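In full-length UniProt numbering, the protein residues as written are 1 to 741. Backbone N, C-alpha and C define an ideal beta-carbon position, used for all residues, glycine too. Values in this document were obtained by computation on a predicted structure and should not be read as measured data. Below is one structure, written out as structure tokens, with a few remarks after it.
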């Protein structure tokens, strides 16, 4: 059953448009959303059509005349030339009073709801926000939190007469600032319903407090961990490690700011990357200071002075008014029990995130109207085809997403499409194939791209196919560049007395096969040209998609990662905001009145098969975490040129392509007594099974992984046993790489 979501979009009236914009938005003039003309030379400030806050749709996104465009001379959107910033993001939702008929229907539906969807009157919704938060929908068999379901729970709870308020447990978060901003908007808008939202924060960092301070009340235990010291970004370099074990990386990074591959190819940070990261950090820290100072009614300088004093005592937060009081969890629940008027001796009536996620919006009268808007979600690294190790939520598989796009394109029931992207990129070919399909989709109906935490490199490749792009102000986007590479293992082979000989036909036949020798000058030249060609294709399509000339695009490309706010001022993004902003624009482009409810149909809703469910259960019994399988699948499916953003911003090492990829050597640079057997294991893995290249990184799970992978891809038992014997032990892993444990 398709998921339906009813939101009232940001206030927006057609009468507010200028005469020119009204003409352009008329049904007869909106059939070709990709067309552009000289009057829409974006990002020239003089040629834009400005709409009332909070929406601003560029003319390039709504004009009707097809064909190529002759560009007017416009100032280049240079790195130091910021244009007028877009208006602030729209509200997440607005609470409206339901009609008496709807209210009666809601009461009847609550009476007949099945037991697993029933909620007792006067209950408090308890949601524990911690760890990773996915941008995909989750099934009841999936673990972890889902951003769309968290947001939907806020909307439902605002209308649900059985819910008295929300009690949020906020613990360390491992998601980006884009998702945090989306949740924060929902907290702020939920408070407008008149119901309480109370936060409880046992561990306080900058990101956790940024979210928690939106609550009406905020409590922490007297022993809470507090670490408000400021923000950092870091990058690690492994070139020296690789040299010690005899590996020479051959990396082609096209773009001065393209940092993917720097961990392997460099020993220190380049000036360009340092500039890029410093700018991103300034954006994030500046936004944090702005938000916290506004929340407390203080100057930014006062907030910064407080942080620079080194805040580690929770008592100081209470003294300065940063939290409401110091209470333990049971004390907060006792207080809430009294507030909701629960007089019995039982514990506070609560409904948790998982159970409340099963409550239907239809039950609450929020099922939406007649018009349908499709939502296509694309999250994770990009690969072209499904591999044997692919699991649900393992990333963006181009061939599957293309099928969904084509289904929506061929259907007449969808009035518009929201493409929700949360991806650092991946395979360049896969990204281009999806770009083409999204362009074709936009020729048939309005398409709005909505960015979550990150839509960079291959993720931006997908987004730029949409006529309108919406990003959070701290979304990481851009990174228009490519990277490819291979490893030269000559010294390693000599060290372990391993020999490899190749018989070939064709001048460049050994370009990808030969790792036992350095590249010849002509091979190195061809290697670089192929990467340059991929970059030129990416850059030129970006320029065409964003109605810029190539020179303009070059100034904002070069592999540079931008915050959503900076990207918007340089023409890479059209509007700032979250999903609600994208919905408002989609309704406007589809000529749907702003106050009319619509049905949001989740095209990417997961539907696990029985084998997938059993696979997940079996993996847990074996001790093989889903994340481990996801990393294995991610690495084994990589091939060719990659359009991906560096992993430094996500505290993980992103992988490079190539059949001879040996990233597992990163963790064994100081191997002593196990050096020989480890090296032989490396040779075995590299020579016989590319699917096992990351096994040594997961020494603690090696036995289970070997069994799992062996059973999955039918590796002979003797080969599996050999892998076990050659693999370093858990104790050696503890000594060599304690950070893994």
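Item to check | Contacts around residue 158, its chain only, beta-carbon distance under 6 Å, and the 5 residues preceding and following it disregarded | outcome: 95, 190 and 193
Item to check | Buried versus exposed, by CB contacts within 10 Å (16 or more), residue 92 | outcome: buried
Checklist entry - Would you call the CB atoms of residue 352 and residue 175 closer than 8 Å? => result no
Next on the checklist: Distance check for residue 378 and residue 407, CA to CA, integer angstroms please.
Outcome noted: 15 Å
Item to check | First and last residue of the uninterrupted alpha helix (DSSP H) at residue 352 | outcome: From DSSP, residue 352 is part of no alpha helix (DSSP H) but of the beta strand (DSSP E) over 350 to 352.
Item to check | One or two residues paired with residue 377 in a DSSP bridge | outcome: 420
Next on the checklist: I'd like to know whether the C-beta atoms of residue 415 and residue 367 end up nearer to each other than 8 Å.
Outcome noted: no
Checklist entry - Grouping DSSP H, G and I as helix and E and B as strand, with all else coil, what is residue 322? => result coil
Item to check | residue 716, DSSP secondary structure in three states | outcome: Confidence at residue 716 is low in this model, with a pLDDT of 45, below 50, so the placement of that residue is unreliable and no value is reported for it.
Item to check | CB of residue 401 within 8 Å of CB of residue 434, strictly | outcome: yes
Next on the checklist: Using C-beta distances below 8 Å, list every residue in its chain close to residue 460, excluding the 5 sequence neighbours before and after it, in chain order.
Outcome noted: 425, 477, 478, 479, 480, 542 and 572
Checklist entry - How many angstroms separate the CA atom of residue 312 from the CA atom of residue 326? => result 15 Å
Item to check | Bounding residues of the alpha helix (DSSP H) (the contiguous stretch that carries residue 287) | outcome: 271 to 296
Checklist entry - Which word fits residue 750, buried or exposed, when buried means at least 16 other C-beta atoms lie within 10 angstroms of its C-beta? => result Lying outside 1 to 741, the shown extent of the chain, residue 750 is not represented and no answer is given.
Item to check | Sequence-distant residues of the same chain with beta carbon closer than 6 Å to residue 374, five excluded per side | outcome: 408, 414, 417, 601 and 603
Checklist entry - First and last residue of the beta strand (DSSP E) that includes residue 445? => result Segment: none, residue 445 is in no beta strand (DSSP E) and carries neither H nor E.
Checklist entry - Taking the DSSP output, what are the residues bridged to residue 594? => result Per DSSP, none; premise fails for residue 594.
Checklist entry - What residue ranges within the region 526 to 573 form continuous beta strand (DSSP E) runs of no fewer than 3 residues, ordered along the chain? => result 561 to 563
Checklist entry - Should residue 137 and residue 143 be called a contact, given that it needs their Cβ atoms to be closer than 8 Å? => result no
Next on the checklist: Nearest by alpha-carbon distance to residue 329: which of 119, 169 and 589 is it?
Outcome noted: 169
Checklist entry - Based on the DSSP secondary-structure assignment, which residues constitute the bridge partners of residue 476? => result 454 and 563
Checklist entry - With a CB to CB cut of under 6 Å and the five nearest residues on each side skipped, what residues in its chain are close to residue 687? => result Confidence is the limiting factor: at residue 687 the pLDDT is only 39, short of 50, which leaves the residue's position unreliable and the question unanswerable from this model.
Item to check | Reduced DSSP secondary structure (H/G/I, E/B, other) of residue 580 | outcome: helix
Item to check | Assigned secondary structure, residue 599 (DSSP; H/G/I helix, E/B strand, else coil) | outcome: strand
Checklist entry - Alpha carbon to alpha carbon, how far is residue 396 from residue 305? => result 43 Å
Item to check | Sub-8 Å separation of residue 211 and residue 184 beta-carbons | outcome: yes
Checklist entry - Is residue 151 helix, strand or coil when you go by DSSP? => result helix
Checklist entry - Using DSSP with H/G/I as helix, E/B as strand and the rest coil, what is residue 407? => result helix
Item to check | Backbone CA spacing between residue 711 and residue 514 [nearest angstrom] | outcome: Residue confidence for residue 711 is low, a pLDDT of 38 falling below 50, so the modelled location carries little weight and cannot support an answer.
Item to check | Selected residue, minimal CA-CA separation from residue 499, among 380, 489 and 187 | outcome: 489
Next on the checklist: Counting C-beta neighbours from all protein chains within 10 Å, is the total for residue 546 16 or more, i.e. buried, or is it exposed?
Outcome noted: buried
Checklist entry - What is the residue span of the alpha helix (DSSP H) that residue 486 lies within? => result It is not in any alpha helix (DSSP H) - residue 486 instead sits in the beta strand (DSSP E) that spans 482 to 488.
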